[in-house]
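What the sequence shown shows, in the working numbering, is residues 477 to 762, in sequence order.
Glycine residues also receive a C-beta, built at the ideal position from the N, C-alpha and C atoms.
One structure below.
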Amino acid sequence: MMYHRINNSVGEKLTGLSVDISNFEKHLLFYKNNFQILRLEEEWTSLKKTGLVITFDDGYADNIINALPLLEKYQLPATIFVTTLNIDSKDEFWWDRLVFDYSNCKESFFVPNQNNAISKSNRSYKILTDFVHALRNEDKEEWFLAFEKINNISFIHREEFRSLTNSELKFLSEHPLISIGIHTHNHYSLGTLSYEEQKKELQLSIQNLNELTTQNIKYLALPHGSYNQDTIEVMNDLNLSAVLLANNYYSSSKNKASRKIYRILMPNIKHNELRNYIKKYNFKIW
Ligand SMILES: [Zn+2]
Numbered sequence: 477m478m479y480h481r482i483n484n485s486v487g488e489k490l491t492g493l494s495v496d497i498s499n500f501e502k503h504l505l506f507y508k509n510n511f512q513i514l515r516l517e518e519e520w521t522s523l524k525k526t527g528l529v530i531t532f533d534d535g536y537a538d539n540i541i542n543a544l545p546l547l548e549k550y551q552l553p554a555t556i557f558v559t560t561l562n563i564d565s566k567d568e569f570w571w572d573r574l575v576f577d578y579s580n581c582k583e584s585f586f587v588p589n590q591n592n593a594i595s596k597s598n599r600s601y602k603i604l605t606d607f608v609h610a611l612r613n614e615d616k617e618e619w620f621l622a623f624e625k626i627n628n629i630s631f632i633h634r635e636e637f638r639s640l641t642n643s644e645l646k647f648l649s650e651h652p653l654i655s656i657g658i659h660t661h662n663h664y665s666l667g668t669l670s671y672e673e674q675k676k677e678l679q680l681s682i683q684n685l686n687e688l689t690t691q692n693i694k695y696l697a698l699p700h701g702s703y704n705q706d707t708i709e710v711m712n713d714l715n716l717s718a719v720l721l722a723n724n725y726y727s728s729s730k731n732k733a734s735r736k737i738y739r740i741l742m743p744n745i746k747h748n749e750l751r752n753y754i755k756k757y758n759f760k761i762w
């Protein structure tokens, strides 16, 4: 299962990356009662029930503030895949900032270097997302400042969207229930990068994580689920155990053997919708 933010300031339907705290607690209870909760590092053989692994991507501070107390309450292990770019900074990820900015635009808004105003629609949001996604991080910052200026938006970094601090990450890495995984440094789509660029991304992020944790970091969650043949080569060269996709499908023993592990994005659904939501995946016991 793949989560990102566990936070009551869900407030943004556009990304679907937040689950509120009470829903998350109900999810955990449901998992505990119906599945065998596993760690990525374990052997997934001879299960008594269908197995389930809890994962978080990006490294939001709410993982320690809101999710950890509940994982402790029910004694459930989880892996947190950390993007190292914003660790110990107030900066928000570009997709959260874009949602904030877009929500604060008027019905008709401007984009940098274009004369004509654009009307809000699902399509215009998608075009903006694709455009910003493709920029290098330095260029994203410049683009945001220009976009906010022409649309009269004052963006202030929000506490509820920050990443973990160094000391929070260190604490998590020493916690018996928590495994730390790689989610690259810059959160670029690896499938768009060369072998060398991908290797640099992963090495930089591993180096940053090694400064804060003593865990042997072996798993990589792919930003945006994106990869290419070189990603697999880099994974082998860096001796990683497996990559985790974001494809909304469940894993089988075959996936574990192929070292590409499938994952399901858990939406912010309430307890009464949970059983039906999970049922549609028709998990098999293996
Ligand atoms: Zn991510």
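Do you know offhand how far M477's Cα is from L750's?
Against the sequence shown, residue 477 aligns to sequence position 1. Against the sequence shown, residue 750 aligns to sequence position 274. Each residue's Cα considered, the two are about 13 Å apart.
For the beta strand (DSSP E) that contains Y757, what are its first and last residues?
Counted from its first residue, the sequence shown places residue 757 at position 281. Taken as a continuous stretch (DSSP letters only), Y757 belongs to no beta strand (DSSP E), as it is neither H nor E.
So, for N752: in the same chain, excluding its five sequence neighbours on each side, which residues have a beta-carbon less than 6 Å away from its beta-carbon?
Walking along the sequence shown from the start, residue 752 turns up at place 276. Excluding sequence neighbours, N752 sits near nothing in its chain.
Please report the straight-line C-alpha distance between K596 and I556, rounded to a whole angstrom.
Stepping through the sequence shown from its first residue, residue 596 is reached at position 120. Stepping through the sequence shown from its first residue, residue 556 is reached at position 80. Their backbone Cα atoms lie some 35 Å apart in a straight line.
According to DSSP, is R481 helix, strand or coil?
In the sequence shown, the residue the question calls residue 481 occupies position 5. DSSP places R481 in strand when its eight states are reduced to three.
Between R481 and the rest of its own chain, which residues show a CB-CB distance below 6 Å, the 5 nearest in sequence each way excluded?
Stepping through the sequence shown from its first residue, residue 481 is reached at position 5. L493, S494, Y536 and D538.
If you drop the 5 nearest sequence neighbours on each side, which residues of the same chain put their C-beta closer than 7 Å to that of F623?
Here the question's residue 623 lines up with position 147 in the sequence shown. Cβ neighbours of F623 beyond the five flanking positions: D577, V587 and P588.
Between the region 683-697 and the region 647-661, do at least 3 Cβ pairs fall closer than 8 Å?
Enough Cβ pairs lie closer than 8 Å, so yes.
Tell me whether P743, by its Cβ, gets closer than 8 Å to a heavy atom of ligand 1.
Along the sequence shown, one-based indexing puts residue 743 at 267. Not so, every heavy atom of ligand 1 lies at least 8 Å from the Cβ.
By Cβ distance below 6 Å, which residues in the same chain neighbour T560 in space, the five residues on each side in sequence not counted?
Position 84 of the sequence shown holds residue 560. For T560, where only same-chain residues beyond five positions count, the Cβ hits under 6 Å are H661, S681 and N684.
Return the bridge partner residues of Q417 from the DSSP annotation.
Absent from the model: residue 417. The displayed extent of the chain is 477 to 762, so no value can be given.
For N499 and L678, what's the separation of their Cα atoms in angstroms?
Your numbering for residue 499 matches position 23 in the sequence shown. Your numbering for residue 678 matches position 202 in the sequence shown. Their Cα atoms are separated by approximately 33 Å.
Give a yes or no on whether the C-beta atoms belonging to L552 and I513 are separated by under 9 Å.
Position 76 of the sequence shown, counted from the first residue, corresponds to residue 552. Position 37 of the sequence shown, counted from the first residue, corresponds to residue 513. Yes, these two residues count as a Cβ contact at 9 Å.
According to DSSP, simplified to helix, strand and coil, what is S649?
Taking the first residue of the sequence shown as position 1, residue 649 is located at position 173. Helix, per DSSP.
In or out: D615 buried (at least 16 other Cβ within 10 Å) or exposed?
Locating residue 615 in the sequence shown gives position 139, where the first residue counts as 1. Exposed.
Look at the alpha carbon of F631 and the alpha carbon of K676, and state the distance between them as a whole number of angstroms.
Residue numbering aside, residue 631 sits at position 155 when the sequence shown is read from its first letter. Residue numbering aside, residue 676 sits at position 200 when the sequence shown is read from its first letter. Taking the straight line joining both Cα atoms gives about 31 Å.
Between L604 and V575, what straight-line distance do the alpha-carbon atoms span, to the nearest angstrom?
If you number the sequence shown from 1, residue 604 lands on position 128. If you number the sequence shown from 1, residue 575 lands on position 99. In a straight line, the C-alpha of L604 is about 10 Å away from that of V575.
Counting by C-beta, which residues lie closer than 5 Å to a heavy atom of ligand 1, in chain order?
Having a Cβ closer than 5 Å to some heavy atom of ligand 1 are D533, D534 and P699.
Hey, how far is the Cα of E635 from the Cα of N484?
The residue given as residue 635 occupies position 159 in the sequence shown. The residue given as residue 484 occupies position 8 in the sequence shown. Those two C-alpha atoms are separated by around 13 Å.
Quick one: is R573 buried, meaning 16 or more other Cβ sit within 10 Å of its Cβ, or exposed?
Against the sequence shown, residue 573 aligns to sequence position 97. Buried is the call here.
For the candidate residues F532, K549, K524 and V719, whose alpha-carbon lies nearest to that of S639?
On the sequence shown, residue 639 is found 163 positions in, with the first residue counted as 1. Comparing Cα-Cα distances from S639 to each of F532, K549, K524 and V719, the minimum goes to F532.
Straight-line CA distance for H700 to A722?
For the purposes of this step, residue 700 is taken as the residue at position 224 of the sequence shown. For the purposes of this step, residue 722 is taken as the residue at position 246 of the sequence shown. For H700 and A722, the distance between alpha carbons rounds to 7 Å.
Mind checking which residues open and close the alpha helix (DSSP H) that includes Y507?
Along the sequence shown, read from residue 1 onward, the residue named residue 507 stands at position 31. Residues I497 to N510.
In angstroms with no decimal places, state the Cα-to-Cα distance between V529 and I740.
Stepping through the sequence shown from its first residue, residue 529 is reached at position 53. Stepping through the sequence shown from its first residue, residue 740 is reached at position 264. Rounded to whole angstroms, V529 to I740 spans 10 Å at the Cα level.
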